[in-house]
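Chemist: Same order as they appear, the protein sequences are chains R and P.
To get the numbering used here, take the position in the first sequence, counting from 1, and add 72.
To get the numbering used here, take the position in the second sequence, counting from 1, and add 293.
All C-beta atoms in this analysis are idealised placements derived from N, C-alpha and C, irrespective of residue type, glycine included.
Please read through the structure below; I'll follow up with questions.
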Amino acid sequence: MTVHRSDRPLLEIQDLRTHFFTQDGTVKAVDGVSYEIGDGKTVGVVGESGCGKSITALSVMRLIEQPGRIVGGSVLLRGRDLLRVDDAEMRDIRGNQISMIFQEPMTSLNPVYTCGDQISEAVSLHEAVGRRQAWERAVEMLQLVGIPDPARRAKQYPHELSGGMRQRVMIAMALSTNPELLIADEPTTALDVTIQAQILELMKSLRERNRMAIMLITHDLGVIAEMADDVVVMYAGQVVEQSDADTVFAKPHHPYTTGLLASIPRLGEKRQRLEVIQGVVPNPLNLPKGCLFKRRCPHAMPVCDTPPPLQEIARGHLSRCWLTPAGEPPAVGPEATGELAEAAASALQAPA
Amino acid sequence: MASGTVAVVRVAPRASRGLWGDAWRRLLRNRPALLGFVFIGVFVGTAVFAPLLAPHDPGALYPPPPDASSGATGPYPPRPEHLMGQDLQGRDEFTRVVYGARISLLVGLGSVIFGVIIGGFVGAIAGAAGGRADNVLMRVVDVLLAIPGILLAIGIVAWLDRGLPQITIAVAVTNAPIFARLLRGGLLAIRESDYVLAARSVGVPTRRLLLRHMLPNSLTPIIVAATLALATAIIDVAGLGFLGLGPPDPRTPEWGTMLTDSTKFLRAAPYLIFFPGLAIVISAVGFNLLGDGLRESLDPRLKK
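Quick look at the structure:
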């Protein structure tokens with residue numbers, strides 16, 4: 073029973089933990105991630121490869137495969153915990169309430185069926201419609217995503233379409249059942265820049281038309297700036313910063329976010345070299361103690377050996393860093409002011 | 294081209310042919326495969342129209358040629374009434390070669406179909422279930438693959454007793470592990486593919502995922518392997534016959550048995566070796582050529 077409660081966000085991810093039990097040890101791919109997505113909102117999830125952003129999405133869909141397992145937390149869709157519904161219910165939610173599009177349009181469509189077949193399959197799985205109606209819906213959807221001559225294209229096989237066209241087909245398939253949430257995992261990464269822009273425009277217009285929420289996973293901050301209402305920055309399986317998009321771009325707090333923003337080339341600026349974040353992502357089997365970013369952080373200080381909590385540094389702005397909201401190193405001792413410094417001080421005094 | 298002219302290339306929208314259409318076109322451009330088709334056509338045509346082609350009864354004994362000295366026994370060399378000669382008992386060799394095609398086709402095809410079914414079933418379970426079931430089934434397959442095919446077939450015929458159904462089963466069992474391994478490997482690779490993830494993400498149930506999305510994509514190597522297996526099956530059947538494990542009824546015109554019965558007269562009557570041997574070669578080479586052609590046309594990466 074789905075109770076529509078307008079005071080609750082559409083999707084709440086709470087303390088989600090997905091671990092991979094490999095032969096070499098346990099990889100905590102997602103380790104205590106929480107964020108929420110409101111009705112019709114677009115949340116951009118940013119981070120380097122392997123930071124756990126895709127695994128979070130796959131966990132929401134319950135599509136994690138061996139040796140991975142969701143070991144804790146909850147995923148509430150309109151208040152219902154998706155991690156506790158049975159498989160048949162989950163299948164019905166997939167593609168119906170939550171749909172997903174993937175990074176690789178070239179390989180995400182089944183080569184032995186026509187595009188129309190695949191879209192109408194998605195339709196008929198969730199709605200009691202006849203074969204012909206499902207096909208008509210497929211053609212309609214292809215039209216909607218801007219594919220010219222949709223009736224003919226529906227009869228074509230994936231290998232007869234270009235990458236951009238295939239991504240449109242994927243979007244058509246994902247949206248054919250009017251989901252409330254679309255998870256887009258790097259939807260434009262594999263496409264040419266011009267096609268990227270077209271696909272983003274398409275997603276924007278469909279978002280308006282269907283009033284759906286989008287979880288937009290990308291490492292491209294340009295895409296985030298274009299699309300997102302809120303931003304979640306992930307690093308090594310954790311959320312390190314979270315806020316509305318304007319704040320993240322104007323006043324980033326976490327040094328990782330600052331580094332990401334500094335590493336975008338800007339037109340019209342004369343710079344000899346592009347800023348880079350020094351070092352590499354830590355080995356997930358051997359994470360540093362304390363702050364996971366400290367080895368690459370320009371502000372690293374002794375207190376960073378204690379894991380910083382994700383705390384509110386301004387209204388609606390969370391950051392997992394010991395720096396004060398103003399970006400200063402936290403003062404320790406009698407002159408320390410504010411909760412943050414107190415937390416830092418108590419962390420320092422606590423036995424490691 | 295004169296200056297100022299503009300070459301207008303009209304690209305007509307290509308009609309949708311699909312994967313199989315494309316593969317078919319590539320196959321028709323492959324000369325060895327076409328030759329394979331011709332050989333197979335001769336073989337299958339002979340088998341199907343055997344009663345129309347053969348002038349005599351494959352089991353009946355016919356009198357020696359009139360010029361033979363009295364008291365002489367077969368074999369007798371070819372002459373107009375008996376194009377390929379007569380064997381030791383005086384049976385018409387041509388008729389027997391023609392009817393032999395039926396036996397070969399029936400047993401060969403039967404064993405491959407049977408082998409694909411058993412092997413496919415085992416492979417599908419192993420590939421779909423994974424884990425323990427996969428491990429157990431694949432170790433059995435490894436054991437079967439470790440035994441040379443003809444040796445395994447001999448063992449099975451010796452165990453089940455001689456006869457055409459037994460030969461079919463024996464050859465099927467020797468072929469099945471190949472199909473099991475092929476299908477399992479294909480399914481494992483496809484399970485990781487993006488389109489399977491995409492299908493799961495729209496809520497396709499597991500059984501439908503396996504039957505409608507994964508199996509059709511893993512069939513191409515099976516088709517190729519089955520075609521090639523037809524060639525080996527024909528040779529294996531003849532081989533069993535040659536080793537004396539052919540059908541027990543001496544009237545059954547089985548090519549391998551015909552060969553072994555004629556080895557004693559290799560010098561006196563080479564025609565009794567030549568024609569059944571040629572028949573085996575033509576049918577086996579036909580399926581081999583077609584199988585290679587299919588492999589190339591179904592896998593565009595192999596194209597030069």
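Roughly how many whole angstroms lie between the Cα atoms of P/L453 and P/L538?
Modeler: Rounded to the nearest angstrom, the two C-alpha atoms are 11 Å apart.
Chemist: At a Cβ cut of 7 Å, what residues of the segment 497-515 of chain P count as close to chain R, listed as they run along the chain?
Modeler: V497, P498, H506, P509, N510
Chemist: Relative to the C-alpha of P/P348, which candidate in P/V391, P/R395, P/G338, P/L327 has its C-alpha closest?
Modeler: Taking only the C-alpha atoms, the option nearest P/P348 is P/V391.
Chemist: Within 10 Å of its beta-carbon, does P/L565 have 16 or more other beta-carbons around it, so buried, or fewer, so exposed?
Modeler: With 16 or more Cβ atoms within 10 Å of its Cβ, P/L565 is classed as buried.
Chemist: Just confirm the distance between the C-beta atoms of R/I85 and R/V157, as a whole number of angstroms; I'd bet it's less than 8 Å.
Modeler: Not a contact, Cβ separation roughly 15 Å.
Chemist: Only counting the same chain, and skipping five residues up and downstream in sequence, which positions put a Cβ closer than 7 Å to that of P/T520?
Modeler: Taking C-beta separations shorter than 7 Å and ignoring five residues to either side along the sequence, the partners of P/T520 in its chain run F580, L583, G584, L587, following chain order.
Chemist: Does R/H326 come out as helix, strand or coil in the three-state DSSP assignment?
Modeler: coil
Chemist: Here's the rule I'm using: 16 or more other beta-carbon atoms within 10 Å means buried, otherwise exposed. How should R/R204 be labelled?
Modeler: exposed
Chemist: When DSSP builds the beta bridges, which residues end up paired with R/Q383?
Modeler: R/S391
Chemist: Taking 7 Å as the cut-off, does the CB of R/V117 come closer than this to any heavy atom belonging to the ligand PLP?
Modeler: The ligand PLP is not among the ligands present in this structure, which contains no ligands whatsoever.
Chemist: So which residues of chain P does R/S315 contact, with C-beta pairs closer than 8 Å?
Modeler: Chain P residues near R/S315: none, gap ~29 Å exceeds 8 Å.
Chemist: Report yes if the C-beta distance between P/G420 and P/L480 is below 8 Å; otherwise report no.
Modeler: The answer is yes: Cβ separation under 8 Å.
Chemist: Would you mind telling me which residues of chain R sit closer than 8 Å to P/L490, beta carbon to beta carbon, in chain order?
Modeler: L135, F174, S180
Chemist: Distance check for P/S590 and P/K597, CA to CA, integer angstroms please.
Modeler: Here the model assigns P/K597 a pLDDT of 41, short of 50, so the residue's position is not dependable and the matter cannot be decided.
Chemist: Any chance you could list the beta strand (DSSP E) runs of at least 3 consecutive residues sitting entirely within the segment 154-226 of chain R, in chain order?
Modeler: Listed in chain order, the complete beta strand (DSSP E) runs (minimum 3 residues) inside the segment 154-226 of chain R are 170-173.
Chemist: Cα separation between R/T396 and R/I385?
Modeler: Rounded to whole angstroms, R/T396 and R/I385 show a C-alpha spacing of 8 Å.
Chemist: Compare the C-beta of P/S494 against all C-beta atoms of chain B and say whether one is closer than 8 Å.
Modeler: Absent from the structure is chain B; the protein chains it does hold are R and P.
Chemist: Where do the ends of the beta strand (DSSP E) carrying R/T290 lie?
Modeler: Going by DSSP, R/T290 is part of the beta strand (DSSP E) stretching over 285-290.
Chemist: Taking 8 Å as the CB-CB limit, is P/D487 close to chain R?
Modeler: yes
Chemist: Would you mind giving the Cβ-Cβ distance between P/N510 and P/I483, rounded to the nearest angstrom? I have them listed as a contact below 8 Å.
Modeler: Between P/I483 and P/N510 the Cβ distance is about 5 Å, and since that is below 8 Å, they are a contact.
Chemist: Using the three-state DSSP reduction, which class does R/D318 fall into: helix, strand or coil?
Modeler: helix
Chemist: Would DSSP call R/I349 helix, strand or coil?
Modeler: coil
Chemist: Note down, one range per segment and in chain order, each beta strand (DSSP E) of at least 3 residues found wholly within the segment 511-540 of chain P.
Modeler: none
Chemist: Give the residues of chain P in contact with R/G167, contact being defined as C-beta atoms less than 7 Å apart.
Modeler: S494, V495, G496
Chemist: Using the beta-carbon of each residue, which ones in chain P are nearer than 7 Å to R/A194?
Modeler: V495
Chemist: Would P/I440 be called buried (16 or more neighbouring beta carbons within 10 Å of its own) or exposed?
Modeler: exposed
Chemist: Run the CB neighbour count on R/E252, radius 10 Å, all protein chains shown included, and call it buried at 16 or more, exposed below.
Modeler: Classification for R/E252: buried.
Chemist: Does DSSP put P/A421 in a helix, a strand or coil?
Modeler: The three-state secondary structure of P/A421, taken from DSSP, is helix.
Chemist: Can you list, in chain order, the residues of its chain with a C-beta nearer than 7 Å to that of R/A372? Leave out the 5 residues immediately preceding and following it.
Modeler: K366
Chemist: On the three-state DSSP scale, how would you describe P/H375?
Modeler: strand
Chemist: Can you tell me which of P/A394, P/S486, P/Y369, P/T388 puts its alpha carbon nearest to the alpha carbon of P/Q382?
Modeler: P/Y369
Chemist: Run through chain P and tell me which residues come within less than 7 Å of R/M245, C-beta to C-beta.
Modeler: V495
Chemist: When the Cα atoms are used, what is the spatial distance from P/A422 to R/M284?
Modeler: 37 Å
Chemist: Could you tell me the boundaries of the beta strand (DSSP E) in which R/M133 lies?
Modeler: Where R/M133 is concerned, there is no enclosing beta strand (DSSP E), given that its DSSP letter is neither H nor E.
Chemist: Listed in chain order, which residues of the segment 92-111 of chain R have Cβ atoms closer than 9 Å to some Cβ of chain P?
Modeler: none
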